[in-house]
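Asks: Here you go, one structure.
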Amino acid sequence: MKTSEILECLSASAGPAKARGPVVFEVRNARLLAAEGSPFSGKYAPDARKAYVEFDICHSLPNVSKLPHVGCVSGFHPAALARCHAVLRHQQTNLHHLLRAYDPDTIPHDRIIGAVVDTWYPEEPKGGWVVPEKREEAIPIRVLAVVFKMANGAAAMLKKHVEGKEEWSVSIECSAATLDDVGIWIQDERKLVPLKEADDDLLAKVNKSKNGGLELGKDASGNPLALAYGAIDGEILFEGVAYTPDPAELAAEITRVRMSAAEFDFDFANGIRRNWPSIWHSDKGMNAVAFSLWAEMRAGRKSKAIEDFTTRRLEVAATADEEDVSLAAVVRLMKWGVVGPMGAEKMKSVVEAAKGRFKLGAGR
1 MKTSEILECL SASAGPAKAR GPVVFEVRNA RLLAAEGSPF SGKYAPDARK AYVEFDICHS
61 LPNVSKLPHV GCVSGFHPAA LARCHAVLRH QQTNLHHLLR AYDPDTIPHD RIIGAVVDTW
121 YPEEPKGGWV VPEKREEAIP IRVLAVVFKM ANGAAAMLKK HVEGKEEWSV SIECSAATLD
181 DVGIWIQDER KLVPLKEADD DLLAKVNKSK NGGLELGKDA SGNPLALAYG AIDGEILFEG
241 VAYTPDPAEL AAEITRVRMS AAEFDFDFAN GIRRNWPSIW HSDKGMNAVA FSLWAEMRAG
301 RKSKAIEDFT TRRLEVAATA DEEDVSLAAV VRLMKWGVVG PMGAEKMKSV VEAAKGRFKL
361 GAGR
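Using our numbering, read the sequence shown as starting at 1 and increasing by one per residue.
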């Protein structure tokens with residue numbers, strides 16, 4: 001296949017394919033972690049309207065992935081990732097690769113839910129960048145992305161991931177613009193050949209697939225050849241990142257979710273606790289310890305229990321059912337000091353309406 005045809009094929013297949021077959025992925029434990037140990041620690045603060053998701057993506061060679069929109073195995077040289085990772089900043093993030101630009105005939109509207117705000121890659125080692133010996137040593141881009149909770153599907157995705165009901169990961173969207181930006185990784189030789197320097201024998205192993213993507217042959221040991229975005233000295237055109245339960249890159253992983261819980265009106269909650277015990281115990285008397293820890297936290301006290309409370313509180317906020325406006329659900333959130341998806345005023349109105357069913361000061 002001619003180099004010009006390969007580039008044309010890559011340009012035409014930018015963005016995911018119309019239909020993606022099922023991809024086997026590794027199940028990992030969902031984690032809701034604080035910012036300690038992060039290169040972005042202290043730089044970005046979540047609030048009631050936005051969350052931050054930190055993840056590892058684009059692990060370097062020798063790690064390779066089969067990107068559905070290309071149709072062949074692909075990877076990245078660490079030198080190219082180090083040089084180009086910042087291109088990913090401020091690019092869009094979406095759900096399931098659903099952007100109308102990728103397939104106007106079947107995708108009616110975009111599902112953009114945020115953007116990449118920062119990236120990090122380690123400094124170049126002494127002696128320059130080389131491909132690690134083992135896949136376990138592959139170096140990823142560390143990414144921090146903002147998620148707009150009000151975007152359609154964003155809150156549901158975060159909730160499923162944090163609850164562990166559905167493990168979500170990330171999938172890169174990228175392309176190449178010139179022959180300088182593409183190479184071929186020969187696994188058995190541990191050699192990356194820039195496409196413009198490839199000989200006829202190597203180019204003969206690159207063919208166009210039936211769906212318009214690329215099919216690369218195998219090396220002498222039977223390992224698949226891999227398309228290397230950015231080659232060694234070229235550029236990588238990062239276009240965005242998709243959140244998906246079935247990532248093509250098995251090594252990609254969401255490592256942190258940072259969310260803040262909007263604080264409920266403490267005086268209102270405390271008034272219900274003192275004067276309306278029947279309402280206060282409508283959650284079957286549970287979560288009382290949470291309220292005590294909330295009060296201690298507000299008083300400025302510090303303890304391991306309070307630290308655990310603040311972490312658990314974020315989980316309570318993240319997993320609150322936006323459709324559950326029952327008194328028991330509202331009281332539970334109120335005891336944790338959390339404003340649920342229905343908003344503080346709606347929560348208060350549910351409690352106020354319940355007062356008509358109970359007597360002031362009545363017990364359980």
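C-beta: ideal position from N, C-alpha, C; glycine also.
Pop quiz: Ser60 and Phe76 are said to be a contact at Cβ under 8 Å. What is the actual Cβ separation, rounded to whole angstroms?
Replies: Yes, Ser60 and Phe76 are in contact; Cβ-Cβ is about 6 Å, under 8 Å.
Asks: What does Leu227 pair with, by DSSP beta-bridge criteria?
Replies: Looking at the DSSP assignment, Leu227 forms a beta bridge with Ser74 and Ile184.
Asks: Going by beta carbon distance, what residues of the same chain come within less than 6 Å of Val316, once the five residues before and after it are set aside?
Replies: Contacts found: Trp336 and Val338.
Asks: How long is the line joining the alpha carbons of Glu36 and Val330, rounded to whole angstroms?
Replies: For Glu36, the pLDDT reaches just 46, beneath the cut-off of 50, and the residue's location in the model is therefore unreliable, although a value from the coordinates is still provided. Whole-angstrom Cα-Cα distance: 32 Å.
Asks: Please list, in chain order, all residues of the same chain as Cys84 whose beta carbon is under 8 Å from its beta carbon, the five residues on each side excluded.
Replies: Hits under 8 Å: Gly230, Glu235, Ile236 and Phe238.
Asks: Please classify Gly356: does DSSP put it in a helix, a strand, or coil?
Replies: Correct three-state label for Gly356: helix.
Asks: Run through DSSP, which three-state label would Glu26 get?
Replies: Summary for Glu26: the model assigns pLDDT 23, below 50, so the residue's position carries little reliability; its value from the coordinates is reported in the next sentence. It is coil, neither helix nor strand.
Asks: Taking the alpha carbon of Glu352 as the reference point, which residue from Ser278, Ala295 and Glu137 has its own alpha carbon closest?
Replies: When each option's Cα is compared against that of Glu352, the closest is Ser278.
Asks: From Asp321 to Val143, what does the alpha carbon distance come to, in whole angstroms?
Replies: Computed Cα separation, rounded: 28 Å.
Asks: The alpha helix (DSSP H) with Asn270 in it runs from where to where?
Replies: Phe266 to Asn275 is the extent of the alpha helix (DSSP H) around Asn270.
Asks: Based on the DSSP secondary-structure assignment, which residues constitute the bridge partners of Glu173?
Replies: Glu173 is bridged to Gly240.
Asks: Just the Cα atoms here: how many angstroms apart are Lys50 and Lys208?
Replies: Answer to the nearest angstrom: the Cα atoms are 42 Å apart.
Asks: Going by C-alpha to C-alpha distance, which of Ala204, Ala354 and Arg258 sits closest to Val53?
Replies: Of the candidates Ala204, Ala354 and Arg258, the one whose C-alpha sits nearest the C-alpha of Val53 is Arg258.
Asks: Buried or exposed: where does Val24 fall if 16 or more other Cβ atoms within 10 Å of its Cβ makes it buried?
Replies: Any reading at Val24 is ruled out, since the residue's pLDDT is 21, under 50, leaving its predicted position unreliable.
Asks: Hey, how far is the Cα of Pro224 from the Cα of Gly213?
Replies: Going by the C-alpha atoms only, they are around 16 Å apart.
Asks: Quick one: using the 10 Å Cβ neighbour count with 16 as the cut-off for buried, is Gly363 buried or exposed?
Replies: Unreliable placement is indicated for Gly363, whose pLDDT of 49 sits below 50; the coordinate value is still reported in the next sentence. Classification of Gly363: exposed, given that the 10 Å Cβ count is below 16.
Asks: Could you spell out where the beta strand (DSSP E) holding Phe55 opens and where it closes?
Replies: Per DSSP, Phe55 belongs to the beta strand (DSSP E) from Lys50 to Ile57.
Asks: Nearest CA to the CA of Asn358: which residue from Val64, Phe291, Trp280 and Glu173?
Replies: The sequence given here has Phe at residue 358, not Asn. Selected option, being the one with the closest Cα: Trp280.
Asks: Kindly list the residues whose CB is nearer than 6 Å to the CB of Ala251, restricted to its own chain and excluding five residues on each side of it in sequence; keep chain order.
Replies: The answer, listed in chain order, is His59 and Asn63.
Asks: Identify the continuous alpha helix (DSSP H) that holds Phe291 and give its terminal residues.
Replies: Counting along the chain, the alpha helix (DSSP H) containing Phe291 begins and ends at Ala288 to Arg298.
Asks: Give a yes or no on contact between the segment 113-120 and the segment 269-278, applying the rule of three or more CB pairs nearer than 8 Å.
Replies: As far as the Cβ criterion goes, the segment 113-120 does not touch the segment 269-278, which means the pair count is below three.
Asks: Three-state secondary structure (DSSP) at Val87?
Replies: In the structure shown, Val87 sits in a helix (DSSP, three-state: H, G or I).
Asks: Can you tell me whether Phe309 is helix, strand or coil according to DSSP?
Replies: Three-state DSSP puts Phe309 in a helix.
Asks: For Pro122 versus Val170, is the C-beta spacing smaller than 8 Å?
Replies: Cβ atoms of Pro122 and Val170: not closer than 8 Å.
Asks: Output the boundary residues of the beta strand (DSSP E) element that contains Trp120.
Replies: Ile112 to Trp120 is the span of the beta strand (DSSP E), which, as asked, contains Trp120.
Asks: The alpha helix (DSSP H) that contains Lys335, what's its start and end?
Replies: Taken as a continuous stretch (DSSP letters only), the alpha helix (DSSP H) holding Lys335 covers Leu327 to Trp336.
Asks: Find the nearest neighbour of Ile57 within the set Gly183, Ile184, Phe148 and Thr244, judged by alpha-carbon distance.
Replies: Per the Cα distances, Thr244.
Asks: Pick out whichever of Ala48, Ala299, Asp324 and Cys72 has its Cα sitting closest to the Cα of Asn211.
Replies: That would be Cys72, whose Cα lies nearest to the Cα of Asn211.
Asks: Hey, how far is the Cα of Met342 from the Cα of Thr310?
Replies: In a straight line, the C-alpha of Met342 is about 21 Å away from that of Thr310.
Asks: Quick one: what's got a C-beta closer than 6 Å to Lys355's C-beta in the same chain, skipping five residues either side?
Replies: Taken in chain order, the list of residues that qualify is empty.
Asks: Entirely within the segment 190-214 and at least 4 residues each: give me those alpha helix (DSSP H) ranges in chain order.
Replies: Runs found: 200-203.
Asks: So is Pro108 buried or exposed if we call it buried at 16+ other beta carbons inside 10 Å?
Replies: So Pro108 ends up on the exposed side.
Asks: Quick check on the DSSP output: the beta strand (DSSP E) that includes Asn94 runs from which residue to which?
Replies: Start and end: Gln92 to Leu95.
Asks: Bridge partners of Arg135, per DSSP?
Replies: BP columns for Arg135 are empty, so no partner.
Asks: Taking the straight line between their C-alpha atoms, what separation do you get for Ala156 and Met150?
Replies: When rounded, the distance between both Cα atoms is 10 Å.
Asks: Would you list the one or two residues that DSSP bridges to Ser65?
Replies: In the DSSP output, where bridge partners are listed per residue, Ser65 has Ser74.
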